[in-house]
Every structure is written in structure tokens, then in C-alpha cells.
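What follows is a short report on a single structure.
Number of protein chains: 2
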Amino acid sequence: MVKRNPNIGRLKAGYLFPEISRRRREFAARHPEAKIISMGVGNTTEPIPPHICAALVGGARRLGRAETYSGYADEGLIELREAISRVNYNGAFGPEEVFISDGSKCDIGRLQTLFGPEAKAAVQDPSYPVYVDGSVVAGAAGRENSFSGCEDGDCGGGGYGGVKYLPCTPENNYFPDLSRIEDGSIIYFCSPNNPTGAVATKPQLAALVSAALRTGSIIVYDAAYSEYIRDAALPKTIYELDGARKCAIEVNSFSKSAGFTGVRLGWSVVPRDLVFSGGGSVNADWSRLTATVFNGASNIAQYGGIAALDEEGRREVRELTDFYLGNARLIRGALKTLNIGCIGGDNSPYIWARFPGRDSWDVFAELLEKYHVVTTPGSGFGPAGETFIRFSAFGRRADVEEVCGRLTAH
Amino acid sequence: MVKRNPNIGRLKAGYLFPEISRRRREFAARHPEAKIISMGVGNTTEPIPPHICAALVGGARRLGRAETYSGYADEGLIELREAISRVNYNGAFGPEEVFISDGSKCDIGRLQTLFGPEAKAAVQDPSYPVYVDGSVVAGAAGRENSFSGCEDGDCGGGGYGGVKYLPCTPENNYFPDLSRIEDGSIIYFCSPNNPTGAVATKPQLAALVSAALRTGSIIVYDAAYSEYIRDAALPKTIYELDGARKCAIEVNSFSKSAGFTGVRLGWSVVPRDLVFSGGGSVNADWSRLTATVFNGASNIAQYGGIAALDEEGRREVRELTDFYLGNARLIRGALKTLNIGCIGGDNSPYIWARFPGRDSWDVFAELLEKYHVVTTPGSGFGPAGETFIRFSAFGRRADVEEVCGRLTAH
């Protein structure tokens, strides 16, 4: 008979978010009267703004007419690739360096196939689960049977032997010790960070690029929340740093900027300058891999993406992200009233709240029981997330106000 | 420095379809006056019919209103999963056994991650490239450095050591010798077949299911062209056969039925009865894997899919597939006039034409030079495809008529 893929057996039971849903359903069944409000998942709640939505509608309509019908667009529409380069990178990349995808998470899954089972992963700890879980599935997280404690003992709650966890804690101001990165690593780095909300400064990113160049590593820079940056001194892309095109891939998405979580549209930048140890082009392998196991993003979504990058679309994106940042301000205010320490929420939609000495899942359960609020336990994002809770600012305003009221009324 | 994934190095240079595009561009540069017509790629050309297109437009509009906005729908809309089960499988599967995806090719890529690097692949030869290329990328095609000749010497032009090629030729009426399947294989089986256009009969599929049950193998049944079946005696799904839910996964898509090649929508069925050798549920692992590295199909596309499955949508799908079958009839007629033997095109949009003793790429070049027609060389689909050419019936009617005229006028 067919054997189970041992790498899937090495995944911790239950992906974080389905597990949260399960606990929420259980609570709801016990307390049918409770009005549960979610601040757990980073799922957008506001409608897509009119100009961008009209482009999606127009994209769908085009498919109904012979003159404008289009089929496979594997590599992505050229107008979209050019607009991404122009708007996000000052035109620094050719369209052949910009790959259109159905979102960052899917891209990161495929990137792990690109690097293969021999790759050594280094991740910010805590971090978005796909970096570690995708590495596990690709066979790059070590052969030890599952989650067991990381190799040098300083990651707290346990981890995979083949993954280098780089703790980001209040002690290091949420920026990791880069001297721990081994030669030839794949460094997953997310800024604005999910879940901590920390945003790396220009000197910090310069140090990251230096570390990657020194160790012959490749950075996979996840900029999915870059549109939430309001402080002009903070870099919105890794390519603001000299040398990054020799050592970094960037992934980004329209999910959190234009409300495309359900529409599915993102991109990756793989510069031509990026090479493997043998001198082979990473861009060429990425192009071949995506042609082999992917068939492109929806062309309807791509027309929406083009609109999100024009002048009116950018204004709408600004307004939409401003709205969620307004939610974040309310949440920060409520936590302050309660004397709960937190970071994030200023240039990011996530607030990272500290509950010293507490177990994350216990705090999660308490918030659900007492206030009927769903959050995300920090330990779900990695060993160093223990004792923290992530609050997401994605929500309807009335719900956020009600949660803040419930929290501060007690 | 970071090493290249050796599995990607094992891929033959150039994915088939980009290679065809390259040769077409080269020819066009040399002959700017030539009116080149493509019958090469299986890309749809007809607009999406009105009822289905209206649902896509409506799906896009919903995202612009707060009351109907939706974000992540990872597992797929329940209405769509239920409609797929009802329309395609007489309701035989629960919604938790139907997984919505962005298309069959992407699903097959992820399925290879599900089975992992230890899986043994068996494929119809010739076959759609993703079965073999995806196995290569997943590390399941053997460690030999690239394409070198298959293990038992009967596959003709060479292949990967770790892949069992099952030749489908005129001699066996395009149905493979099932006794060659090894224990515990993943059997990729496509019917109506791409590229041959052959459709497996009910007794043939019964034999396939028996072989899978006997060898403890899992069938990955690609039914992407099932809507082209007109002969009521031919099965449209593997689940028409007893025992299939214990040994088969089915993948399917709206690409070729409703013209969704650019929209991106498909599904997989993974029955609860399907287990790995240790007794673990394949359905549970698939659910976990897709939650880890995928984020669901576009919700706009999903509303279109729901409409394609209602009464009016099914009528439109029938009309659209009838149109392409009409093209196929014209192509078959032209080949008959030229005394070129072929199969397919009656219950399938592909016609498989035989050029005994000739090299496929030479015939491809001759058709391009002489008639300015782009086709697909059979050898691109596997060793046993050598001496064949695939004609695709996806095209505008006027183009198909012109190609047929050019072919028969000479």
C-alpha cells in the first residue's frame, strides 16, 4: 500500500487557525447565547473599494465577450507586472522578475519546493506558521519525528531540529540576533511582522542584508503588510537596501492592502542577480517551477490588481488601511487602560500583547470565556510567542468598539 | 551559498508549452508575413456563456458591499462543494470530501507533495507533463541525473528511472498493460486522455480499479475533459466503478467545461475511505496540507462555478463543449482527407495524429513551416508519444476552418 509522506506526519497536529476555529465552535456549542467576536484571524472585513471593485466587475465582464476573452495567463498580465514594478520598486525590476501569484502563502509553499529538502531554514520566532510548516512538508525541517525542542536550547517551548529559530522578544526589541544565521540558509523575514507588529528599521534591514551576503543565504522577505507602514523612515521593501537584489526574494499580496483575501492575488520578485551556489539563476528555476505546478492567478483578480495600483486605487488602499489602523488604535487604547504591555498596531494591523508568566492558550481560553473574544495564542507562532496574544485589527468597527468596551468594563 | 534543488535540475530543459511558444516566436520573427494559427495549446478561446459570466460579475459585485463581502474561503464555499457532489457524483460525497482548488494542474502539484519523495509514480505514456514533471520536482522520479531511459527498456525515447511508463499505443488500443503496475504506486490516469483523446471504457476502468486494489495503489484520476464525453456508455468519473472510493482520488476543473482557463477553478475528491498503509486517512492529510500551503480559490470564481452547475449553466456548458467538438470534427475530416490516421476528437477535444517513422518535432516544424500551424509534438508527452502530433480543438471556428483549408489544399 501507499505510505504516508513522513514529512506530513511531522507537522504538529492541527494547523493553528483551524484549531482556533474548533475551540470557538466548541465554546459556541456550550454557550449558544454568547455573542462571540473574532480578533483572531487576519481576515479582512471591509468591502473592496468602488474603483477597484469596478475593475474586478469589468474583468469578469471581459470574459463574456469574444473580443476581450482571455484564457491562461500563466506568467501574469504584463500591465500588472509593470505596474507592480513601477509603483512598488520605482521600476527597478523588469516584468520577467515579477511573478504574479494567487497569494503570499501559496507562493511561500512553492518557494519551499524551489529550495528543496536540503534547504536550511531560519525563521523569526514567532512567525507566520507557513514558513516552518512549509519547511516541514518540504522535508527541510529535519528528520526528527515532529516538534521536539530546537537544537540549541534557547527557543523555549520546543521546535523542529532542522529549523533555526531566531527569537524576537522584548529583550532584543523584536529584532533577532543575526550572528546565529548559518551559511547557506533560507531566511524567512516578515516586516511589518506577523504576529508581533514590529517593523524593521533601515539600519536593521541593512544588517539583515549584510548577514545574508556574508553567509551566502537567501532572504525570503514577506512584505504582505507593507501598506500599513505610516512612518516614512521605515522601509516598505527589502530592495530599498543596497545589495538586496543579490540575496533577497520578496513576496507580497493584495490581500491586506485592497481586501483581496478572498480574491487571491499576490506576487513575488526574484531578481535576475540572484544565483545558487553553482552560479545557476534562481529566477530561471522559479520560472520553470511555477510553469510546472502552477497555472497563474485569476485574470479577473489581475484586472482588480491593476486598478489597485493606479492613482485612484492607491488612494482607496490608503483609506482602507487607515480604517484598520484606526481599529488598531482602539485596541491599543483598551490594552493600555488595562495596563497590558503591547507593541504593533501603529505601522501594522497586528497588536502583540504580553501576559508575563502565562500560558498563551490559557489566556486565549480566558479571553474567550470571560469576554467572548477570539484571539490568537502567541505560542501558535513559535516557541518565543509563548506568554503573548495576537490581536488582529481586521474587523468591523462596531465589533472592535464592543470588544474594547467588554475588556475595559471589567 | 544556497544550493539548487537537485530535483529541479533533473527536469528536462524547457517545459513543453513554453518551448513551443519559443519556436513559434522564432518562426514569426523569420516570417513576419505568416498568419500563424495555433492548435498547440489546450487554451480555450470562446467567451464564457452569459448565465455563468453573470454569476462571475455578481461574485465580483458582492465584494463591493459590506453585507455580502467575504474574505478567506479556504475550504471552498459549501454551496459549491455540495453542487459538485450532487451534479457530478449523485451526491455520493459529503462536502468534506470535495476540495475546491485553483485548477487541476495546481492540485496535481500539491498531490505530489501529499505523497512525498518516496512515492512510486506510474503514468500513461504519453501523458500530460505535470504528472511526470511534478514527480520529478517532488523527488519521486529517481535520483538519476535527468531524463535517461526508462527502467525496463520498453518506453522508446527515454524517461526517468523512478517513473513507471505505461505505453498507450495503437497496438494496445491506447489502454495500458496494468500488470506492470508495482505495489504501492501512485497511478496517474487521465480519461478522456490528454493528449491521445482516448476514453477508457467501463470494463477498462473496472480493470484499473481492480489493479489498484490488488497492488495497494492509489489512482489519481484526472477527469478534466469529462464534459466532452457524448457516448453514454463511457464513464465520466472513476467513482462509477465499484471499489473506486477505496483507491482513487479524482481531480477535475471548470477550465475546459465552462471556459475557466483564465478564471482558475477546479476541485479534488478525496474519499474518507481512502487510507495509507498505516491506516491513516488520506483525506485528513490532504486537508492539512492544503490548509498549510494553499489559501483557496477566488471567491469570484466560486460563484461562477455554482452557476455552471445549475440547470441553465449545464445547458451552456453543453453548448460550449459541443462547439469545440464541432471543431474537432472538422480537424478529423481534414486529416482523413490527407489519409493521416488519428484517434480522439469524438468524446474529447484532442486529436492524436500518427506519422509513422517520423520524429514528432520534425513533423511539428514541417506543419509550422508549410502551413503556419502550431501543433504539439507527441514526444513532449512522453516516450511513447514519438511519431505523433496532438491537434487541439480549442480555437475560433474561422481559424479551424482556415487550418483545415490550408492542410487539404496542398
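Chains A and B are the protein sequences, given in the same order. So for the first sequence, the working numbering puts the first residue at 1099; every next one is plus one. So for the second sequence, the working numbering puts the first residue at 1099; every next one is plus one. Glycine residues also receive a C-beta, built at the ideal position from the N, C-alpha and C atoms.
Can you list, in chain order, the residues of its chain whose CB lies under 7 Å from that of residue i, leaving out five sequence neighbours each side?
{"i": "Ile-1150/B", "result": "Ala-1356, Gly-1402, Ala-1405, Ala-1406, Gly-1411, Glu-1414"}
{"i": "Tyr-1422/A", "result": "Pro-1447, Ala-1491, Phe-1492"}
{"i": "Glu-1144/A", "result": "Gly-1357, Leu-1418, Phe-1421"}
{"i": "Lys-1133/A", "result": "His-1470"}
Please compile the residues from chain A whose C-beta is within a distance smaller than 8 Å of the C-beta of residue i.
{"i": "Cys-1151/B", "result": "Ala-1158, Arg-1159, Leu-1161, Gly-1162"}
{"i": "Val-1228/B", "result": "Thr-1390, Val-1391"}
{"i": "Leu-1109/B", "result": "Arg-1386, Thr-1390"}
{"i": "Gly-1212/B", "result": "Correcting the residue type first, residue 1212/B is Leu in the shown sequence and not Gly. Correct list: Asn-1103, Ile-1106."}
{"i": "Thr-1143/B", "result": "Tyr-1167, Gly-1169"}
Among the options, which has the Cα closest to the Cα of residue i?
{"i": "Pro-1148/A", "options": "Val-1221/A, Leu-1303/A, Leu-1418/A, Glu-1325/A", "result": "Leu-1418/A"}
{"i": "Phe-1489/A", "options": "Ala-1152/A, Tyr-1448/A, Gly-1503/A", "result": "Tyr-1448/A"}
{"i": "Pro-1193/A", "options": "Asn-1425/A, Lys-1354/A, Trp-1365/A, Leu-1387/A", "result": "Trp-1365/A"}
{"i": "Val-1230/A", "options": "Phe-1287/A, Met-1137/A, Pro-1116/A", "result": "Phe-1287/A"}
{"i": "Leu-1154/B", "options": "Gly-1439/A, Ala-1346/A, Ile-1398/A, Asp-1223/A", "result": "Ile-1398/A"}
{"i": "Asn-1425/A", "options": "Gly-1257/A, Gly-1157/A, Tyr-1326/A", "result": "Tyr-1326/A"}
{"i": "Leu-1109/A", "options": "Arg-1495/A, Val-1498/A, Gly-1478/A", "result": "Gly-1478/A"}
{"i": "Ala-1171/B", "options": "Gly-1232/B, Ser-1396/B, Ala-1127/B", "result": "Ser-1396/B"}
{"i": "Ile-1336/B", "options": "Val-1349/B, Ala-1296/B, Glu-1467/B", "result": "Val-1349/B"}
{"i": "Gly-1157/B", "options": "Gln-1400/B, Arg-1128/B, Ala-1389/B", "result": "Gln-1400/B"}
{"i": "Glu-1131/A", "options": "His-1470/A, Leu-1436/A, Pro-1475/A", "result": "His-1470/A"}
{"i": "Gly-1314/A", "options": "Ser-1289/A, Gly-1174/A, Leu-1372/A, Arg-1328/A", "result": "Leu-1372/A"}
{"i": "Arg-1179/A", "options": "Tyr-1258/A, Val-1368/A, Thr-1474/A", "result": "Val-1368/A"}
{"i": "Gly-1259/A", "options": "Asn-1270/A, Thr-1267/A, Cys-1266/A, Gly-1237/A", "result": "Gly-1237/A"}
{"i": "Arg-1163/B", "options": "Pro-1104/A, Tyr-1319/A, Ile-1146/A", "result": "Ile-1146/A"}
{"i": "Leu-1363/B", "options": "Asn-1292/A, Gly-1394/A, Leu-1436/A, Pro-1301/A", "result": "Gly-1394/A"}
{"i": "Arg-1328/B", "options": "Pro-1454/B, Ile-1106/B, Thr-1299/B, Gly-1341/B", "result": "Thr-1299/B"}
{"i": "Gly-1483/A", "options": "Leu-1332/A, Thr-1267/A, Val-1297/A, Ile-1317/A", "result": "Thr-1267/A"}
{"i": "Val-1235/B", "options": "Glu-1195/B, Pro-1104/B, Val-1100/B, Glu-1499/B", "result": "Pro-1104/B"}
{"i": "Val-1318/A", "options": "Ala-1331/A, Val-1228/A, Thr-1390/A, Phe-1392/A", "result": "Val-1228/A"}
{"i": "Ser-1351/A", "options": "Pro-1454/A, Met-1099/A, Asp-1200/A, Ala-1309/A", "result": "Asp-1200/A"}
Residue i to residue j, Cα distance in whole Å?
{"i": "Arg-1504/B", "j": "Ile-1347/B", "result": "43 Å"}
{"i": "Leu-1212/A", "j": "Asp-1408/B", "result": "40 Å"}
{"i": "Thr-1142/A", "j": "Ser-1168/B", "result": "8 Å"}
{"i": "Glu-1165/A", "j": "Leu-1465/B", "result": "28 Å"}
{"i": "Arg-1494/B", "j": "Val-1501/B", "result": "11 Å"}
{"i": "Gly-1378/A", "j": "Lys-1344/B", "result": "44 Å"}
{"i": "Arg-1278/B", "j": "Leu-1264/B", "result": "8 Å"}
{"i": "Val-1307/A", "j": "Pro-1290/A", "result": "16 Å"}
{"i": "Leu-1175/B", "j": "Asp-1444/B", "result": "34 Å"}
{"i": "Arg-1452/B", "j": "Gly-1138/B", "result": "16 Å"}
{"i": "Gly-1439/B", "j": "Glu-1467/B", "result": "21 Å"}
{"i": "Ala-1152/B", "j": "Thr-1388/B", "result": "29 Å"}
{"i": "Val-1261/B", "j": "Ala-1322/B", "result": "23 Å"}
{"i": "Trp-1384/B", "j": "Ala-1507/A", "result": "44 Å"}
{"i": "Pro-1293/B", "j": "Ile-1487/B", "result": "9 Å"}
{"i": "Asn-1381/A", "j": "Ala-1463/A", "result": "45 Å"}
{"i": "Val-1472/B", "j": "Ile-1441/B", "result": "19 Å"}
{"i": "Lys-1101/A", "j": "Pro-1301/A", "result": "49 Å"}
{"i": "Ser-1244/B", "j": "Arg-1160/A", "result": "Caution is warranted here: a pLDDT of 44 is assigned to Ser-1244/B, below 50, making its placement in the model unreliable, and no coordinate value can be reported."}
{"i": "Thr-1390/A", "j": "Glu-1216/A", "result": "21 Å"}
Given residue i, which residues of its chain have a CB within under 6 Å of its CB, disregarding the five upstream and five downstream residues?
{"i": "Ala-1304/B", "result": "Leu-1339"}
{"i": "Asp-1497/A", "result": "Ile-1135"}
{"i": "His-1129/B", "result": "none"}
{"i": "Thr-1359/A", "result": "Asn-1141, Thr-1142, Ser-1353"}
So which residues of chain A does residue i contact, with C-beta pairs closer than 9 Å?
{"i": "Gly-1403/B", "result": "Those within 9 Å of Gly-1403/B in chain A number zero; the least Cβ separation is about 12 Å."}
{"i": "Glu-1410/B", "result": "Result: empty, since nearest Cβ-Cβ is about 14 Å, beyond 9 Å."}
{"i": "Ser-1315/B", "result": "Met-1099, Val-1100"}
Just the chain A side, please: which residues come within less than 7 Å of residue i by C-beta, in chain order?
{"i": "Tyr-1383/B", "result": "The question names Tyr, but residue 1383/B in the sequence shown is Asp. Going along chain A in sequence order, the residues near Asp-1383/B (Cβ under 7 Å) are Arg-1102, Ile-1106."}
{"i": "Ala-1171/B", "result": "Gly-1360"}
{"i": "Val-1155/B", "result": "Val-1155, Ala-1158, Arg-1159"}
Going along chain B in order, which residues have a C-beta closer than 8 Å to the C-beta of residue i?
{"i": "Leu-1387/A", "result": "Ile-1106, Val-1235"}
{"i": "Phe-1374/A", "result": "Met-1099, Val-1100, Lys-1101, Arg-1102"}
What in chain B is Cβ-close to residue i, meaning under 7 Å?
{"i": "Asn-1437/A", "result": "None at all; the shortest Cβ gap to chain B is about 33 Å."}
{"i": "Cys-1204/A", "result": "Val-1391, Phe-1392, Asn-1393"}
{"i": "Asn-1270/A", "result": "Within chain B, no residue comes near Asn-1270/A; the closest Cβ sits about 26 Å away, beyond 7 Å."}
The region 1180-1191 of chain B contacting the region 1429-1443 of chain B, beta-carbon criterion three pairs below 8 Å: no
Decide if the region 1458-1470 of chain B is in contact with the region 1195-1206 of chain B; the criterion is three or more beta carbon pairs, one per stretch, under 8 Å apart. no
Decide yes or no for the touch test of the region 1272-1290 of chain B against the region 1212-1225 of chain B: beta carbon pairs closer than 8 Å, at least 3 of them. yes
Meets three-Cβ-pair contact criterion under 8 Å: the region 1112-1130 of chain B and the region 1470-1487 of chain B: yes
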